[in-house]
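Protein chains in written order, with the numbering used here: chain A, 1 to 410; chain B, 411 to 820. Every residue gets a Cβ at the ideal spot worked out from N, C-alpha and C, and that includes glycine.
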């Protein structure tokens with residue numbers, strides 16, 4: 001099955017800047033897909049620290065458990081990712097596949113198994129032919145080079161219609177620091193964790209605990225604030241590696257004011273990647289930003305935003321360019337958070353649609369309907385209770401989603 | 411827009427048995443639809459008791475608030491239902507429309523306003539032209555007759571492709587008792603409350619408190635255990651009226667053993683109506699029963715079942731007759747309830763697909779694939795934790811759902 005590139009794709013796929021201390025290699029190993037790269041090996045220089053956010057699924061995969069274990073150590077030397085097979089729900093044999101890959105990667109990286117991170121994405125419930133991955137690893141290590149980020153993004157794609165890449169330059173204490181990252185979508189996208197796979201590296205020199213403290217809020221405001229279908233993968237993994245090659249002044253706390261530019265750059269890069277994931281949502285034809293304010297708390301606002309963003313009735317209305325704001329009211333009502341029906345206000349595309357519990361006097365749908373026909377939809381909701389605000393992003397629900405998912409394995 | 415009748419519709423639409431003490435009238439009032447009936451008036455003889463279950467939506471409609479108020483009194487003499495306009499999110503004017511209908515119905519029924527129940531279903535956020543309903547009420551009251559249940563079911567339809575009716579005969583203390591009911595779907599179907607509208611009447615003589623105690627568990631096991639799209643209406647209403655015309659021995663407690671047959675009949679009738687709602691789910695081509703066992707509690711089992719039943723990825727796989735059980739594992743994982751990945755077992759169509767955390771040895775997909783091509787799909791999941799069990803019902807997610815909902819208002 002070939003799917004055309006999403007109409008919401010970025011005009012240009014950025015080639016991320018190389019990160020000193022990171023080398024990448026990709027290969028067509030035939031794990032499942034033929035005639036395309038499907039395995040990524042990333043090698044990190046000694047001293048690289050790592051933090052991560054993993055799926056909250058109760059049935060998370062063996063590779064995710066490997067990552068969870070590695071994150072406790074906080075040190076990373078190798079990452080192996082394959083696409084086409086998720087190695088999820090494969091029992092002890094799945095665990096043993098992860099072991100095999102870990103041992104093989106540790107050998108080529110010259111590191112401890114605890115410093116190896118493994119991800120798999122694709123079909124659930126089929127045994128991973130791990131020898132197709134472990135066999136080529138030595139050759140891949142020999143080929144690894146710093147300028148292969150774009151290739152890396154392509155190797156981890158499944159139903160993605162374009163590779164997701166991002167890069168940023170910032171500074172810590174006046175010393176330049178770089179960040180580069182890749183991600184993949186594009187179904188099973190919902191918070192906890194939101195994207196299936198995302199990897200970011202920086203040459204900043206930051207202890208794992210500091211990285212972790214920076215990463216969690218950034219993930220909440222990006223990957224945990226997007227949704228395509230409300231389904232949560234068993235494999236969701238976001239990892240942030242810091243090689244420490246940049247010679248900036250030492251930082252020992254996430255609260256250090258010198259981290260402000262880095263924090264902003266990290267937040268921006270994760271949000272960029274998260275948006276790219278939404279823009280490649282299966283069958284997506286419109287990108288939707290939902291801003292919620294007036295909720296009891298920020299958390300309540302996010303839940304309301306996600307209730308709107310996950311509602312099939314809202315998403316199909318958007319697909320049909322139908323300014324059916326009644327469905328937004330419905331979704332606010334079902335979110336399980338406080339809302340005041342008679343103080344609720346909604347704007348679509350910047351146009352006030354309703355306020356104080358009913359349609360605005362003389363409501364003219366014409367400009368709203370014109371906005372709904374565009375590629376970028378903005379929905380603003382004030383639920384009239386308190387000061388909590390949050391923004392979430394989603395896409396519409398179209399025939400394309402059904403086409404892709406009613407026959408994914410064929 | 412005309413939609414063909416659901417392929418899952420019952421072969422025959424039952425005409426419910428008249429219930430002594432209940433008279434019904436329907437009329438084409440042009441509230442929104444043209445050339446079809448869209449208003450139902452039900453009149454109940456003095457002494458009729460009532461219980462109900464209403465939507466948990468935080469943005470519930472003015473008619474639902476009227477019902478909530480009426481249920482506190484426990485006495486019913488009239489019910490007015492219109493289709494085409496939900497009178498939801500219409501502010502004070504919506505409240506005043508409900509008032510107008512209530513006062514007009516109380517006049518024709520010769521009762522207190524507190525004994526009038528009002529429901530509206532259809533588009534949200536538009537003012538209800540209530541004069542089109544109140545005007546004809548006196549004529550409708552004059553026309554009301556006991557044998558109009560089928561017509562009543564048709565008058566409350568919106569996107570339903572067939573009317574939902576059910577009827578049952580049972581006994582209390584050896585005296586025959588009848589139950590008849592109607593319901594409507596068919597989008598925005600999810601628990602709390604699950605169907606948009608359902609009305610059941612019986613000639614049993616039961617205090618409102620007893621009716622309530624019987625109705626709540628019956629609703630949990632039926633309307634609160636079905637889902638079409640996970641969206642919850644602002645108007646969901648289930649009402650149970652008891653006219654007291656049957657001359658059975660007095661019952662003053664829901665625990666009275668004499669109620670056992672009545673309870674079973676009520677449970678069965680609600681389940682029948684709930685299934686009919688699912689079978690008319692927008693775009694549905696397959697009816698899906700999901701039995702969950704081994705959960706921590708019955709409540710956890712139901713949540714897991716609904717996570718499976720609401721998953722767009724599971725539902726599109728079913729639409730495509732794809733036995734993609736990995737998506738079931740995913741949905742179990744995201745339900746937020748305890749599950750043991752390595753003890754999880756799944757059967758589809760009675761065939762063991764996986765157990766102890768992986769595909770069964772020598773798994774043959776052929777019979778499972780054949781089952782998936784049918785109209786009735788059975789999924790059984792043992793999550794391997796405890797003794798909690800529940801069954802939920804849903805339908806597949808197809809192009810038809812998108813067709814209907816991307817352009818509902820046009």
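Around the Cβ of residue 549/B, a 10 Å sphere holds fewer than 16 other Cβ atoms; the residue is exposed. The C-alpha of residue 726/B is placed about 6 angstroms away from the C-alpha of residue 402/A. Closer than 7 angstroms to the CB of residue 237/A there is not a single CB belonging to chain B.
Contact of residue 338/A with chain B by beta-carbon distance below 7 angstroms involves 468.
Interface criterion met: the Cβ of residue 740/B is under 7 angstroms from a Cβ in chain A.
Annotation note: the stretch 148-173 of chain A contains the following uninterrupted beta strand (DSSP E) runs of length 3 or greater, listed N- to C-terminal: 164-172. The continuous stretches of alpha helix (DSSP H) do not include residue 240/A, which lies in the beta strand (DSSP E) extending over residues 237-242. Per DSSP, residue 362/A lies in no beta strand (DSSP E) segment and is marked neither H nor E. In the DSSP assignment, residue 744/B falls outside any beta strand (DSSP E) and within the unbroken alpha helix (DSSP H) covering 735-744. Nearest CB-CB separation between residue 570/B and chain A: not below the 7 angstroms threshold. Contact of residue 544/B with chain A is not assigned, every C-beta pair being separated by 7 angstroms or more. Going by DSSP, residue 700/B is part of the beta strand (DSSP E) stretching over 697-705. For residue 89/A, the closest Cβ of chain B is nearer than 7 angstroms.
Your pair residue 204/A and residue 228/A does not check out as a contact, with CB atoms roughly 31 angstroms apart and the cut at 8 angstroms.
Contact note: residue 356/A reaches chain B through 501, using a C-beta cutoff of 9 angstroms and chain order. CA-CA distance, residue 300/A to residue 291/A, rounds to 12 angstroms.
In the three-state reduction of the DSSP assignment, residue 521/B falls in the coil class, being assigned neither a helical nor a strand state. For residue 29/A, no beta strand (DSSP E) segment is defined, and its DSSP state is neither H nor E. One Cα belongs to residue 376/A, the other to residue 307/A, and the distance between them is close to 19 angstroms. Annotation: residue 137/A to residue 705/B spans about 42 angstroms, alpha carbon to alpha carbon.
Residue environment: residue 776/B is assigned as exposed (fewer than 16 neighbouring CB atoms within 10 Å of its CB, all protein chains considered).
Residue environment for residue 414/B: exposed (fewer than 16 other C-beta atoms within 10 angstroms of its C-beta). Looking from the CA of residue 311/A, the closest CA among 344/A, 286/A, 255/A, 394/A belongs to 394/A. In the same chain as residue 71/A, and ignoring 5 residues on each side of it, the C-beta atoms closer than 6 angstroms to its own belong to 52, in chain order.
Residue pairing by DSSP puts residue 594/B in a beta bridge opposite 607/B.
Counting along the chain, residue 347/A sits inside the beta strand (DSSP E) bounded by residues 345-348. Of all residues in the stretch 804-818 of chain B, only 806, 807, 808, 809, 811, 812, 813, 814, 815, 816, 817, 818 place a beta-carbon less than 9 angstroms from a beta-carbon of chain A.
Interface annotation for the stretch 302-318 of chain A against chain B: 310, 311, 312, 313, 314, 315, 316, 317, 318, criterion Cβ-Cβ distance under 9 angstroms. With a threshold of 7 angstroms between beta carbons, residue 769/B makes contact with chain A.
Annotated three-state conformation of residue 14/A is coil, per DSSP. Counted as a single uninterrupted DSSP element, the alpha helix (DSSP H) harbouring residue 219/A occupies residues 208-220. Judged by DSSP in its simplified three-state form, residue 586/B adopts strand. The CB of residue 285/A never comes closer than 9 angstroms to any CB in chain B; the least such distance is about 11 angstroms. With contacts defined as CB atoms closer than 7 angstroms, residue 89/A and residue 770/B fail to qualify as a contacting pair.
Setting aside the 5 residues that flank it on each side, residue 538/B is surrounded in the same chain by 441, 492, 495, 497, 500, 504, 507, 530, each with a C-beta closer than 8 angstroms to its C-beta; the list follows chain order. Under the three-state reduction of DSSP output, residue 532/B falls in the strand class.
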